[in-house]
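Numbering (UniProt numbering), first residue to last: 1 to 173.
Built from N, CA and C at the ideal position, the CB exists for glycine as well.
Written below as structure tokens is the structure these notes are about.
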């Protein structure tokens, strides 16, 4: 979450957080005694009202991997600007080989997104959005690329404050 100008961190206390499981991978470690299996889970948590976080958990069994991922996700919650159930503007995000493009949509469009991007957008509470995931489909990188795009979003009020002008001036030049 470092490297972003206007990221507002959120404490998990007092929030009704809903968790969404993005993916579980079975990981194998080959030792001289045979194979040791482990699991890694990536989870997105959000309150459906602009607060979202993602986390990774690893363990020998699936249930505790998911529990660890949820705990990790609650540690890095951020607030995303939402405008009437959609985004303030379109934005591109990139992480590793994954590239994600998100674009605001008119009311009634729904969430047009696949897999990992959909999980993040649902957790944030965005109801109308168009998106395209390009490049790598690795869920870890797609989730991080989606976060990259969402954390670059700025509301009109934020832009007006940064420029030191009124909201009307932002829209009317």
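What separation, rounded to the nearest whole angstrom, lies between the Cα atoms of residue i and residue j?
i           : j           : result
residue 28  : residue 37  : 5 angstroms
residue 12  : residue 57  : 18 angstroms
residue 98  : residue 31  : 32 angstroms
residue 161 : residue 150 : 19 angstroms
residue 110 : residue 103 : 12 angstroms
residue 68  : residue 74  : 10 angstroms
residue 10  : residue 20  : 18 angstroms
residue 169 : residue 134 : 36 angstroms
residue 65  : residue 79  : 25 angstroms
residue 163 : residue 39  : 47 angstroms
residue 90  : residue 24  : 30 angstroms
Classify residue i as buried or exposed, calling it buried when 16 or more other Cβ atoms lie within 10 Å of its own Cβ.
i           : result
residue 148 : buried
residue 33  : exposed
residue 22  : buried
residue 141 : buried
residue 123 : buried
Check the C-beta distance from residue i over to residue j and give it rounded, since I have them as a contact under 8 angstroms.
i           : j           : result
residue 53  : residue 77  : 4 angstroms
residue 129 : residue 105 : 5 angstroms
Of all the options the options, which has the alpha carbon lying nearest to the alpha carbon of residue i?
i           : options             : result
residue 84  : 91, 107, 20 and 139 : 107
residue 127 : 82, 92, 51 and 165  : 82
residue 15  : 136, 48, 61 and 159 : 48
residue 138 : 154, 89, 101 and 95 : 95
Whose C-beta lies closer than 6 angstroms to the C-beta of residue i among residues of the same chain, with five residues either side of it excluded?
i           : result
residue 113 : 121 and 131
So, for residue i: in the same chain, excluding its five sequence neighbours on each side, which residues have a beta-carbon less than 7 angstroms away from its beta-carbon?
i           : result
residue 143 : 22, 42, 44, 54, 116 and 120
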